[in-house]
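Here is the structure we will look at, set down as structure tokens.
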Amino acid sequence: MPFHVALSGQTLFFGYGEDWEASIGSLTLNTTPPRVRLGLVPEGDFNGAPLMVTSPAVPGRLVAGDQRTTPGDIGVYDVSGTGLVERTFVREPGGSSSFNDLALSPDGKTLLTASGAPYHHPSFRLPDMKEGHTYPSTTYPNAVAVSPRGDFAAGVNSTEPEPDIFLYRLGAASPYRTVTLAPATGYNNGGLRPRGIAWSPDGTRLFAISEHNDEDHLRLVVVPSAHKPASG
Numbered sequence: 001m002p003f004h005v006a007l008s009g010q011t012l013f014f015g016y017g018e019d020w021e022a023s024i025g026s027l028t029l030n031t032t033p034p035r036v037r038l039g040l041v042p043e044g045d046f047n048g049a050p051l052m053v054t055s056p057a058v059p060g061r062l063v064a065g066d067q068r069t070t071p072g073d074i075g076v077y078d079v080s081g082t083g084l085v086e087r088t089f090v091r092e093p094g095g096s097s098s099f100n101d102l103a104l105s106p107d108g109k110t111l112l113t114a115s116g117a118p119y120h121h122p123s124f125r126l127p128d129m130k131e132g133h134t135y136p137s138t139t140y141p142n143a144v145a146v147s148p149r150g151d152f153a154a155g156v157n158s159t160e161p162e163p164d165i166f167l168y169r170l171g172a173a174s175p176y177r178t179v180t181l182a183p184a185t186g187y188n189n190g191g192l193r194p195r196g197i198a199w200s201p202d203g204t205r206l207f208a209i210s211e212h213n214d215e216d217h218l219r220l221v222v223v224p225s226a227h228k229p230a231s232g
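Next up, the structure:
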């Protein structure tokens, strides 16, 4: 069963499988009927269906991360041809455990991650996965999102009335703003859902999905004017 998807050109890639029988498949969108291909990476590379991310700024590149292993694994692949060619496969980049979310910078040259550990949001240069800038946050990072304007939202699984989201300009040493979801949701023991943040297409608003620990429902929180205005 497919779980996570990423689009590169006219090909939709998807992660599927579990218990070390996971892999990556693809679906062509420009053929009739669409062509489905399975087993594009060897079983055993990923414990479960990998998270994946692509960028139109760097067509033909696919990044995949394992959600279920400690330490965590990241693979960088060339998908510009008819197959999937591994360029880099790194175990425990930056001391990372199982990955909760992946995002790419607007130019597609930097990968930003959220994982169970470490307790900050690291970034990595592509395609070699050399560790880059570190964004301070707090325990249990679980979400990342980058806007077209270059604002970076770093989310954590906070269950206290403390910041759930840290907003940075890419490359900044400290956040220009933090967001606490508790006032908007009315919950003091709720939290941000994994992969629960996204920017509006124009990069001005931020959307967040909050959950309550004791109740089976979610809330959408909209953060207006979340971007950092250009200075002077």
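Here the sequence shown is numbered in the working numbering, starting from 1 and rising by one per residue. Every residue, glycine too, gets a C-beta built ideally from N, C-alpha and C. This structure is a prediction, so every number in the text was calculated from the model and none was measured.
(message) Per DSSP, what are the beta-bridge partners of M52 in this structure?
(response) DSSP, once it has assigned bridges, lists A64 as partnering M52.
(request) Under 6 angstroms Cβ to Cβ from E234, same chain only, skipping five residues before and after it: list those, please. (result) The chain is shown from 1 up to 232; residue 234 falls before or after that span and cannot be answered.
(request) Select from V58, A208 and S147 the residue whose C-alpha is nearest the C-alpha of L7. (result) For L7, the nearest C-alpha among the options comes from V58.
(message) Tell me the rounded alpha-carbon separation between S123 and G132.
(response) Going by the C-alpha atoms only, they are around 5 angstroms apart.
(request) Please work out which residues of its chain come closer than 6 angstroms, Cβ to Cβ, to V41, disregarding the five sequence neighbours upstream and downstream, and give them in chain order. (result) These residues qualify, in order along the chain: S23 and I24.
(request) Go ahead and pull the three-state DSSP assignment for G191. (result) Note: G191 maps to strand in three-state DSSP.
(request) Determine the burial state of Y119: buried for a count of at least 16 other Cβ atoms within 10 Å of its Cβ, exposed for fewer. (result) Flag for Y119 reads exposed.
(request) Provide the residue span of the beta strand (DSSP E) that contains V156, from first to last. (result) Segment D151 to V156, the beta strand (DSSP E) holding V156.
(message) Does the contact criterion of 3 or more C-beta pairs under 8 angstroms hold for the segment 89-99 versus the segment 192-210?
(response) As far as the Cβ criterion goes, the segment 89-99 does not touch the segment 192-210, which means the pair count is below three.
(message) For a test of the three-state rule: what should DSSP assign to G95, helix, strand or coil?
(response) The three-state reading of DSSP puts G95 in helix, counting H, G and I together.
(request) Leaving out five residues on either side along the sequence, give the residues of the same chain with a beta carbon under 6 angstroms from the beta carbon of G108. (result) Excluding its 5 nearest sequence neighbours in each direction, G108 has C-beta neighbours in its own chain below 6 angstroms: S55, A57 and V58, listed in chain order.
(request) Round the Cβ separation of P141 and S158 to the nearest angstrom and send it over; I've been treating them as touching at under 8 angstroms. (result) Incorrect: roughly 10 angstroms between the Cβ atoms, too far for contact.
(message) Can you give me the C-alpha to C-alpha distance between V90 and D73, rounded to a whole angstrom?
(response) The alpha-carbon atoms of V90 and D73 are separated by roughly 6 angstroms.
(request) Give the secondary structure of E86 by DSSP, where H, G and I count as helix, E and B as strand, and everything else as coil. (result) When secondary structure is reduced to three states using DSSP, E86 falls in the strand class.
(request) Kindly list the residues whose CB is nearer than 7 angstroms to the CB of L220, restricted to its own chain and excluding five residues on each side of it in sequence; keep chain order. (result) Cβ within range, chain order: F207 and I209.
(request) Tell whether a beta-carbon distance below 8 angstroms holds between Y176 and A154. (result) At least 8 angstroms separates the beta-carbon of Y176 from that of A154.
(message) When you compare the CB positions of S174 and T204, do they come within less than 8 angstroms of one another, or not?
(response) The Cβ atoms of S174 and T204 do not sit closer than 8 angstroms to each other.
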